[in-house]
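Quick mapping for you: the protein sequence lines, in order, are chains P and S. The numbering of the first sequence is the working numbering, which starts it at 1 and goes up by one. The numbering of the second sequence is the working numbering, which starts it at 1 and goes up by one. Worksheet: the structure to be examined is printed underneath.
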Amino acid sequence: AQSVSQHNHHVILSEAASLELGCNYSYGGTVNLFWYVQYPGQHLQLLLKYFSGDPLVKGIKGFEAEFIKSKFSFNLRKPSVQWSDTAEYFCAVTVDAGNMLTFGGGTRLMVKP
Amino acid sequence: EAGVAQSPRYKIIEKRQSVAFWCNPISGHATLYWYQQILGQGPKLLIQFQNNGVVDDSQLPKDRFSAERLKGVDSTLKIQPAKLEDSAVYLCASSLDAYRGRVGELFFGEGSRLTVL
């Protein structure tokens with residue numbers, strides 16, 4: 001069965017710092033990859049997704065992620081974070097064109113103003 | 001567009017009692033999911049419905065959990081009897097049919113937080 005690992009559980013950054021959150025998955029077949037975000041007091045929402053094609057995908061609010069197949073990774077990046085990026089970020093995967101979303105454990109990001 | 005509605009938002013019960021959560025998905029979304037999110041962990045799928053049929057319930061503890069989606073719209077998740085380890089947020093999500101190219105694009109409700117004492 002597939003699994004997703006997020007190695008950073010808590011990240012604290014100052015505004016304008018660059019962000020990279022790690023995500024690794026374990027599955028040998030075809031995958032679709034996602035990042036979801038949960039802002040304080042809000043519901044989970046889709047940040048960006050990778051299905052195929054260009055491995056560098058761009059999402060909302062200046063976020064991007066790069067799919068590196070050889071490393072089974074899908075790291076999330078943002079060049080300059082803002083206080084409003086404070087949230088919990090979840091990496092997730094579906095496999096073999098299925099619709100069952102498997103989540104990682106999440107990374108809690110705090111951005112200091 | 002109205003989002004996924006869930007109720008109640010909060011519930012506190014004692015162990016061995018029963019509880020039920022309700023979910024109304026986004027209109028037109030054929031697929032409905034129930035996830036369990038324990039504090040400090042990512043959401044874990046409990047059950048997935050396609051219209052009113054079960055697609056996957058392999059991680060649903062069937063000795064105490066049950067779920068139904070009558071008429072392919074609203075859904076109810078029940079726990080009976082509850083255990084301490086059932087304390088979690090129960091998330092409902094919905095999505096368009098996967099074959100319309102929207103695989104993995106789930107819309108989540110705000111969740112129902114259960115505390116079992």
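From the three backbone atoms N, C-alpha and C, an ideal C-beta is built for every residue, glycine too.
* Could you tell me whether the Cβ of A87 (chain P) comes closer than 8 Å to any Cβ of chain S? => no
* Return the residue from the list S:I79, S:F107 and S:C23 that minimises the CA-CA distance to Y66 (chain S). => According to the sequence provided, residue 66 (chain S) is Ser. The question's Tyr does not apply to it. Of S:I79, S:F107 and S:C23, the residue nearest in Cα terms is S:I79.
* Asked: N32 (chain P) touches chain S at which residues, Cβ-Cβ below 9 Å?
  -> V103 and G104
* So, are the CB atoms of I13 (chain S) and A82 (chain S) less than 8 Å apart? -> With contacts defined by Cβ atoms closer than 8 Å, I13 (chain S) and A82 (chain S) form a contacting pair.
* Per DSSP, cross-strand counterpart(s) of V111 (chain P) -> P:L13
* **CB contact flag (T107 (chain P), Q6 (chain P), <8 Å)** => With contacts defined as CB atoms closer than 8 Å, T107 (chain P) and Q6 (chain P) qualify as a contacting pair.
* Asked: Is G53 (chain S) helix, strand or coil when you go by DSSP?
  -> strand
* To do: Report yes if the C-beta distance between L114 (chain S) and D86 (chain S) is below 8 Å; otherwise report no.
  => yes
* Asked: Residue range of the beta strand (DSSP E) that S95 (chain S) falls in?
  -> A88 to S95
* Asked: Buried or exposed: where does T30 (chain P) fall if 16 or more other Cβ atoms within 10 Å of its Cβ makes it buried?
  -> By the 10 Å Cβ count, T30 (chain P) comes out exposed.
* Three or more beta-carbon pairs under 8 Å between the region 2-11 of chain S and the region 55-67 of chain P, yes or no? -> No: the two stretches stay apart, fewer than three of their Cβ pairs being nearer than 8 Å.
* So what's I47 (chain S) in DSSP terms, helix, strand or just coil? -> strand
* Helix, strand or coil: how does DSSP classify S58 (chain S) here? -> In this structure, S58 (chain S) counts as coil in the three-state DSSP scheme.
* Do we get a CB-CB distance below 8 Å when we pair E110 (chain S) with the residues of chain P? -> Yes, its Cβ sits closer than 8 Å to a Cβ of chain P.
* When the Cα atoms are used, what is the spatial distance from S7 (chain S) to E15 (chain P)? -> 36 Å
* With 8 Å set as the bound, which would you pick, yes or no: does the beta-carbon of F103 (chain P) sit closer than that to a beta-carbon of chain S? -> yes
* Which of the three DSSP states, helix, strand or coil, is assigned to L47 (chain P)? -> strand
* Asked: With burial defined as no fewer than 16 other Cβ atoms inside 10 Å of the residue's Cβ, what is the status of Q82 (chain P): buried or exposed?
  -> exposed
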